[in-house]
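Reading through the C-alpha cells given below for one structure.
There are 2 protein chains.
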Amino acid sequence: MTDTPLATQAPPGGEGLAGTPLDEGTPATRALSAHLAAEAGGFLRELPSVDLHTLRRVGAALHTFEQLLDPAWSQELREELARLGGLLGQERAYSRRLARLLTSLDSLTCADATGTERTAGPVPQQREAEGLLARHPGAPKARALLERQLTLGRSRAHTTALQELGSARFHALADRMTLLVSDLPLRPGAEAAPVAALLPCAVAEATALVSAVRALPLDRGAVPYSGDMLHDPGDDQPWQQLRGLVLRTQYALEVCGPLLGTRATRPAAALSDLARTLARHRDAAEAAEAAALAALTPRITPATAYVLGVVHADQRLEVEAARHAFSSAWPDLDRSGWLTDTWLTNR
Amino acid sequence: MTDTPLATQAPPGGEGLAGTPLDEGTPATRALSAHLAAEAGGFLRELPSVDLHTLRRVGAALHTFEQLLDPAWSQELREELARLGGLLGQERAYSRRLARLLTSLDSLTCADATGTERTAGPVPQQREAEGLLARHPGAPKARALLERQLTLGRSRAHTTALQELGSARFHALADRMTLLVSDLPLRPGAEAAPVAALLPCAVAEATALVSAVRALPLDRGAVPYSGDMLHDPGDDQPWQQLRGLVLRTQYALEVCGPLLGTRATRPAAALSDLARTLARHRDAAEAAEAAALAALTPRITPATAYVLGVVHADQRLEVEAARHAFSSAWPDLDRSGWLTDTWLTNR
Numbered sequence: 001m002t003d004t005p006l007a008t009q010a011p012p013g014g015e016g017l018a019g020t021p022l023d024e025g026t027p028a029t030r031a032l033s034a035h036l037a038a039e040a041g042g043f044l045r046e047l048p049s050v051d052l053h054t055l056r057r058v059g060a061a062l063h064t065f066e067q068l069l070d071p072a073w074s075q076e077l078r079e080e081l082a083r084l085g086g087l088l089g090q091e092r093a094y095s096r097r098l099a100r101l102l103t104s105l106d107s108l109t110c111a112d113a114t115g116t117e118r119t120a121g122p123v124p125q126q127r128e129a130e131g132l133l134a135r136h137p138g139a140p141k142a143r144a145l146l147e148r149q150l151t152l153g154r155s156r157a158h159t160t161a162l163q164e165l166g167s168a169r170f171h172a173l174a175d176r177m178t179l180l181v182s183d184l185p186l187r188p189g190a191e192a193a194p195v196a197a198l199l200p201c202a203v204a205e206a207t208a209l210v211s212a213v214r215a216l217p218l219d220r221g222a223v224p225y226s227g228d229m230l231h232d233p234g235d236d237q238p239w240q241q242l243r244g245l246v247l248r249t250q251y252a253l254e255v256c257g258p259l260l261g262t263r264a265t266r267p268a269a270a271l272s273d274l275a276r277t278l279a280r281h282r283d284a285a286e287a288a289e290a291a292a293l294a295a296l297t298p299r300i301t302p303a304t305a306y307v308l309g310v311v312h313a314d315q316r317l318e319v320e321a322a323r324h325a326f327s328s329a330w331p332d333l334d335r336s337g338w339l340t341d342t343w344l345t346n347r
Numbered sequence: 001m002t003d004t005p006l007a008t009q010a011p012p013g014g015e016g017l018a019g020t021p022l023d024e025g026t027p028a029t030r031a032l033s034a035h036l037a038a039e040a041g042g043f044l045r046e047l048p049s050v051d052l053h054t055l056r057r058v059g060a061a062l063h064t065f066e067q068l069l070d071p072a073w074s075q076e077l078r079e080e081l082a083r084l085g086g087l088l089g090q091e092r093a094y095s096r097r098l099a100r101l102l103t104s105l106d107s108l109t110c111a112d113a114t115g116t117e118r119t120a121g122p123v124p125q126q127r128e129a130e131g132l133l134a135r136h137p138g139a140p141k142a143r144a145l146l147e148r149q150l151t152l153g154r155s156r157a158h159t160t161a162l163q164e165l166g167s168a169r170f171h172a173l174a175d176r177m178t179l180l181v182s183d184l185p186l187r188p189g190a191e192a193a194p195v196a197a198l199l200p201c202a203v204a205e206a207t208a209l210v211s212a213v214r215a216l217p218l219d220r221g222a223v224p225y226s227g228d229m230l231h232d233p234g235d236d237q238p239w240q241q242l243r244g245l246v247l248r249t250q251y252a253l254e255v256c257g258p259l260l261g262t263r264a265t266r267p268a269a270a271l272s273d274l275a276r277t278l279a280r281h282r283d284a285a286e287a288a289e290a291a292a293l294a295a296l297t298p299r300i301t302p303a304t305a306y307v308l309g310v311v312h313a314d315q316r317l318e319v320e321a322a323r324h325a326f327s328s329a330w331p332d333l334d335r336s337g338w339l340t341d342t343w344l345t346n347r
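First to last, the sequence lines map onto chains Z and Y.
Sequential numbering from 1 applies to the first sequence in UniProt numbering.
Sequential numbering from 1 applies to the second sequence in UniProt numbering.
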C-alpha cells in the first residue's frame, strides 16, 4: 500500500475548510467532500503508518454530517474506523500509562530540586522536594513490576496492531478511504443543500455535548477535595464519553470554519482545552486501574503492594483534579452561549 | 485531690473577662488574676479528671501576659502544663486517630446511600456511593490491624496518664494551680500597669501568628490539587505549630474581651475556624502516619498493605485539603487588618 496519485493531490489534512474559498451557493456536499478528501488523502499518504487523529476526524465528520451521506455506507465505515482506532490505540495507551505511572512513582519516591522553586515566601527555603514514598523499600520493586507488566502489554498490543495492518480487513478499509478521496457516497438529494446546511449539523453536536455535560455532577466536581477521588469516585464512563463529544464538536466547528470566520476561534480553543483535560482524566483513570491490577500479582511483597496502593490513590487524585478542572472551566463556555445560542445558525 | 473552697468561688472558666465589669483604672494584673483564677479554679474543681483545654488556656495566658508575671515561675509552670497536656493528650489522640481511620476505611470499602444526595443533574441517579476499595479482600484485615494497633496504643497511653495523675509531680502542679487561684506571682512593678497594658501583649501574639503564616507557602496551598499531598508534602511541623499560635491569639482576644467589646467577635470567630482547620490537619497527618506504621507490621498480606497504602494517601489528601482551606481562609482575615492594624492598641 503506497501513496496514490489522488492522495498526493489532496490538500493537507486536519485543517477543515479554512483554506477553501466558499460562497453561499457552494453545495454543502462539495465542502464536506473536500474536507473528507483531505483527511483520507492524509491517511493514504502516511500508510503503512496510521495517524489515530485522522481516523478520529474522519469518523467524527461521518457522524456529524451523516444527513448528507449514504447512511448505511457511512455507518459501516464509522464502525470500521472506531474499531481500528481502538485496536491501534492500545499500544499508545500502554505507553502513556507506563510513562505516567513511572513519572508518578519517581516523583513519589525521589528527592529532587523542584521544591525550591515551588516554595513561596520571602526567603526561598533551600529544602528539596521529597515524595511521600522517598526511600520506601517497596518502591524499586513496584517500579520494576509496573514496567514489566505494561511493557508486556505494550508488546502484545504492538503485535496485534501489526497483524491488523496486514489484514484483509485493513486493506478493505484503505479501499474505502480511497473512495472517500475520489467519490464520496452521498444521500439521495443531498447535492441540493447549500453550504450553510453544514451548520445545523455542527449545532446538533454542540447540543449533544451540552446535554451530556448537564447530566454530570459538575457542582460536585467544582468543589475541590470533594472526596470523589477515593470515597465516591462514581462512574468514569460518562466523563470518558464526554471527550468524544467535545472532540466531535471541536472538529465540526473546524469543518464549518470558513462559514463562521473568527467567531469559531474562541469556542474551538476552549473545546480543545477541555479535550486535553478529559484526556488527562482518561489517562489517570487507566493508570489507576493498571496500578490496582499490578497489586493483584501473586507473591508480591507487602511493601510493593503498599506502594501500589499509594500510586493508585495518586492517580485517582489526578482523576478528581481533572474533573475539578473541567467543572471549573465549563461554566464559562456554557455562559458564553457559543454552543447553545442560535448564532451558529444565524449567519 | 478534691474541690477547694477557693475554686468553688471562682467564676466558670473559659470565658475570659467577658462578664467582669472593668474601668480604665483597673490594674492589668487584677484582670489577669481574675482570668487565671477562673481557669485554675475550673481545673481544681474537675479533679481528678483534667480538661486539656484548661491546661492550654492557662499556658497560653502565662505566655501572652508574661510581662506582668514572675518570669521564672511562669516559665516553669508553662513547661509543666505543656508536658502534662502532651502526656494526657496521647490517649485522646489515639482515639481520634482510630475513629478517623476506621471512618475513612469504612467509607472507602462500603457501599452506602450518600451517593444519591450528592449526585447533581435533573434526574437523581439512584446509584449508591461506592468507595474505591469496595469488596477489596484486604479491607477487613487492614481494619482489624488498625483497630488492634491503635487500641493498644490508647491503652498504653491510658496507663501512662493514670500513673501521671497519681504522681508527686502532678500533685506539685495542682499546688501551683492553687497558688494561681489565690496569689498570682507577679513581676516586680507590674501592679502599676493599667488594664490597657493587656492589649500590647495580645498584639504581640497576633504579630507572631502573622509572621508564622507569612513563612508558609500559602499561595501554593491556595491552588487545589497542587500535588502537595503525595509528591511534595513538605514539613507538617510549621502547620502544626500554627495551631498553637492561632489558639494563643484567640485566647488573648478573649482575655481582652471587655476592653475590645464587639470588635473582638469577628476575629475571634475567624481564629476559631482556622484552629479547627488546623486540628483537621493535625489529625489527618497523625492518622496518615499511623496507617504507614501499620503497613510496616511484619507478615501482613499484600492485600492488607495495599489497602493501608490507599488509606495513607487518603489521609494525606485530607492534609492537603486542610492546607487548602487554611490558605483560602487566611487572606480574608489578613486583609481585614484585625490582627495587624493598630486598632487593638487604639482603644
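Ideal Cβ placement from N, Cα and C applies to all residues, glycine included.
Since we're looking at a predicted model, the values are computed, not measured.
* Just the C-alpha distance for Y:H171 and Y:G25, rounded to the nearest angstrom, thanks. => In the second sequence, residue 171 of chain Y corresponds to position 171, counting from 1. In the second sequence, residue 25 of chain Y corresponds to position 25, counting from 1. Going from the Cα of Y:H171 to the Cα of Y:G25 covers about 37 Å.
Report all residues from its chain with a CB closer than 6 Å to the CB of Y:L146; omit the five preceding and five following residues, and keep chain order. Residue 146 of chain Y sits at position 146 when you count from the first residue of the second sequence. Cβ neighbours of Y:L146 beyond the five flanking positions: L101 and A294.
_Taking its Cβ as the centre, do 16 or more other Cβ atoms sit within 10 Å of Y:A168, making it buried, or is it exposed?_
Numbered from 1 along the second sequence, position 168 holds the residue referred to as residue 168 of chain Y. Exposed, because fewer than 16 other Cβ atoms sit within 10 Å of the Cβ of Y:A168.
Exercise for review: Can you say whether Z:L216 is buried or exposed, counting buried as having 16 or more other CB atoms within 10 angstroms of its CB?
Suggested key: The residue labelled residue 216 of chain Z in the question sits at position 216 within the first sequence. Buried, because 16 or more other Cβ atoms sit within 10 Å of the Cβ of Z:L216.
Here's the rule I'm using: 16 or more other beta-carbon atoms within 10 Å means buried, otherwise exposed. How should Z:G138 be labelled?
The sequence position of residue 138 of chain Z within the first sequence is 138, counting from 1. Buried is the call here.
Please list the partners that Z:R316 has in chain Y, where partner means a Cβ-to-Cβ separation under 8 Å. Here residue 316 of chain Z refers to the residue found at position 316 of the first sequence. Near Z:R316 (Cβ distances below 8 Å), the residues of chain Y are L132.
- What is the C-beta distance between Z:L230 and Z:A275, in whole angstroms, given that I count them as a contact (C-beta under 8 Å)? Locating residue 230 of chain Z in the first sequence gives position 230, counting from the first residue. Locating residue 275 of chain Z in the first sequence gives position 275, counting from the first residue. About 26 Å; that fails the 8 Å criterion.
Under 9 Å by beta carbon: chain Z residues contacting Y:T301: Start at 1 with the first residue of the second sequence, and residue 301 of chain Y comes out as number 301. Ordered by position in chain Z, the residues that pass the 9 Å Cβ test against Y:T301 are P302 and A305.
| message | Please list the terminal residues of the continuous alpha helix (DSSP H) segment that includes Z:D175. | response | Locating residue 175 of chain Z in the first sequence gives position 175, where the first residue counts as 1. Unbroken alpha helix (DSSP H) run through Z:D175: A168 to S182.
### Message
Contact criterion: CB-CB distance below 8 Å. Does Z:S327 meet it with respect to chain Y?
### Response
As a working mapping, residue 327 of chain Z is identified with position 327 in the first sequence. Output row for Z:S327: interface = no.
Leaving out the 5 sequence neighbours to the left and right, which residues in its chain are closer than 6 Å to Y:L98 when beta-carbon positions are compared?
-> Translated into the one-based positions of the second sequence, residue 98 of chain Y becomes position 98. For Y:L98, where only same-chain residues beyond five positions count, the Cβ hits under 6 Å are L150.
Would you identify the three-state DSSP class for Y:G13, choosing helix, strand or coil? Taking the first residue of the second sequence as position 1, residue 13 of chain Y is located at position 13. Note on Y:G13: pLDDT 38, under 50, position unreliable in the model; the coordinate value appears next. Three-state DSSP puts Y:G13 in coil, outside helix and strand.
- Quick one: what's got a C-beta closer than 6 Å to Z:A72's C-beta in the same chain, skipping five residues either side? Taking the first residue of the first sequence as 1, we reach residue 72 of chain Z at position 72. So the list is empty, once near-sequence residues are dropped.
Which same chain residues end up closer than 8 Å to Y:P302 when comparing Cβ atoms and leaving out the 5 residues on each side of it in sequence?
Here the question's residue 302 of chain Y lines up with position 302 in the second sequence. So the list reads G138, once near-sequence residues are dropped.
Query raised in the report: How many Å lie between Y:L271 and Y:E286 at the Cα?
Result: Reading the second sequence from its first residue, position 271 is the one you call residue 271 of chain Y. Reading the second sequence from its first residue, position 286 is the one you call residue 286 of chain Y. Looking at the two C-alpha atoms, the distance is approximately 22 Å.
Inset, instruction - Could you spell out the range, first to last residue, of the alpha helix (DSSP H) harbouring Z:L245? - result: Within the first sequence, the letter at position 245 stands for residue 245 of chain Z. From DSSP, the alpha helix (DSSP H) with Z:L245 extends over Q237 to V255.
Q. Mapping DSSP to helix, strand and coil, what is Z:P188?
A. Translated into positions along the first sequence, residue 188 of chain Z becomes position 188. Residue state, collapsed to three classes: coil.
- Could you give the C-beta distance for Z:V58 and Z:L84, rounded to a whole number, given that I count them as a contact under 8 Å? Taking the first sequence and counting its residues from 1, one reaches residue 58 of chain Z at position 58. Taking the first sequence and counting its residues from 1, one reaches residue 84 of chain Z at position 84. Incorrect: roughly 11 Å between the Cβ atoms, too far for contact.
From Y:L260, Y:D334 and Y:P188, pick the residue whose C-alpha is nearest to that of Y:A208; which is it? For this step, residue 208 of chain Y is matched to residue 208 along the second sequence. Closest option to Y:A208, Cα to Cα, is Y:D334.
Can you grab the Cα-Cα spacing for the pair Z:R299 / Y:E320, in whole Å?
Here residue 299 of chain Z is taken as the residue at index 299 of the first sequence, counted from 1. Here residue 320 of chain Y is taken as the residue at index 320 of the second sequence, counted from 1. Distance between the alpha carbons of Z:R299 and Y:E320: 34 Å.
* Asked: For the stretch 326 to 333 of chain Z against the stretch 301 to 317 of chain Z, are there 3 or more C-beta pairs whose distance is under 8 Å?
  -> no
Item to complete: Check the DSSP bridge columns for Y:P27 and list the partner residues they point to.
Response: As a working mapping, residue 27 of chain Y is identified with position 27 in the second sequence. According to DSSP, which records beta bridges pairwise, Y:P27 is partnered with Y:P194.
- request: Could you tell me which chain Y residues have their CB closer than 7 Å to the CB of Z:H312, listed as they occur along the chain?
  value: Along the first sequence, one-based indexing puts residue 312 of chain Z at 312. The answer, in chain order, is V310.
*Whose C-beta lies closer than 8 Å to the C-beta of Z:L52 among residues of the same chain, with five residues either side of it excluded?*
For the purposes of this step, residue 52 of chain Z is identified with residue 52 of the first sequence, where counting begins at 1. G85, L88, G89 and R92, listed in sequence order.
Point to revise | Members of the stretch 229 to 240 of chain Y near chain Z, C-beta cut-off 9 Å | key: M229, L230, H231, D232, P233, G234 and D235
>> For a test of your reading of the model: does the CB of Y:A172 fall under 7 Å from any non-hydrogen atom of the ligand SAH? Yes or no.
In response: Looking for the ligand SAH in the displayed structure turns up nothing, as the structure carries no ligands at all.
TODO: Work out the CA separation of Z:L199 and Z:A279 for me, nearest whole Å.
DONE: Within the first sequence, residue 279 of chain Z is the residue found at index 279, counting from 1. Within the first sequence, residue 199 of chain Z is the residue found at index 199, counting from 1. Approximately 27 Å, taken between the alpha carbons.
### Query
If you drop the 5 nearest sequence neighbours on each side, which residues of the same chain put their C-beta closer than 8 Å to that of Y:R266?
The residue labelled residue 266 of chain Y in the question sits at position 266 within the second sequence. S336 and W338.
Can you check which of these residues, Z:E254, Z:T178, Z:L44 and Z:V311, is closest to Z:G131 by C-alpha distance? Locating residue 131 of chain Z in the first sequence gives position 131, counting from the first residue. Ranking Z:E254, Z:T178, Z:L44 and Z:V311 by Cα distance to Z:G131 puts Z:V311 first.
Contact residues within the stretch 240 to 251 of chain Z, judged by C-beta distance below 9 Å to chain Y:
none
| Based on Cα-Cα distance, which residue from Y:A269, Y:D70, Y:T109 and Y:A60 lies nearest to Y:G189? | Counted from its first residue, the second sequence places residue 189 of chain Y at position 189. For Y:G189, the nearest C-alpha among the options comes from Y:D70.
**Report entry** Under 9 Å from the C-beta of Z:S107: neighbouring residues of chain Y
**Finding:** Counting from 1 along the first sequence, the entry for residue 107 of chain Z is found at position 107. Simply G227, L230, H231 and D232.
- Message: Against chain Z, which members of the stretch 184 to 208 of chain Y pass a CB distance test of less than 8 Å?
- Response: none
- Message: Suppose you measure from the CA of Y:A264 to the CA of Z:A290; what does that come to, to the nearest Å?
- Response: Translated into the one-based positions of the second sequence, residue 264 of chain Y becomes position 264. Translated into the one-based positions of the first sequence, residue 290 of chain Z becomes position 290. Straight-line Cα distance between these residues: approximately 54 Å.
- If we ignore side chains and look at the alpha-carbon of each, how far apart do Z:A142 and Z:S49 end up? On the first sequence, residue 142 of chain Z is found 142 positions in, with the first residue counted as 1. On the first sequence, residue 49 of chain Z is found 49 positions in, with the first residue counted as 1. Roughly 34 Å separates the two Cα atoms.
Review point. Which class does Y:L133 belong to by DSSP, given the choice of helix, strand or coil?
Key: Here the question's residue 133 of chain Y lines up with position 133 in the second sequence. In the structure shown, Y:L133 sits in coil (DSSP, three-state: anything other than H, G, I, E or B).
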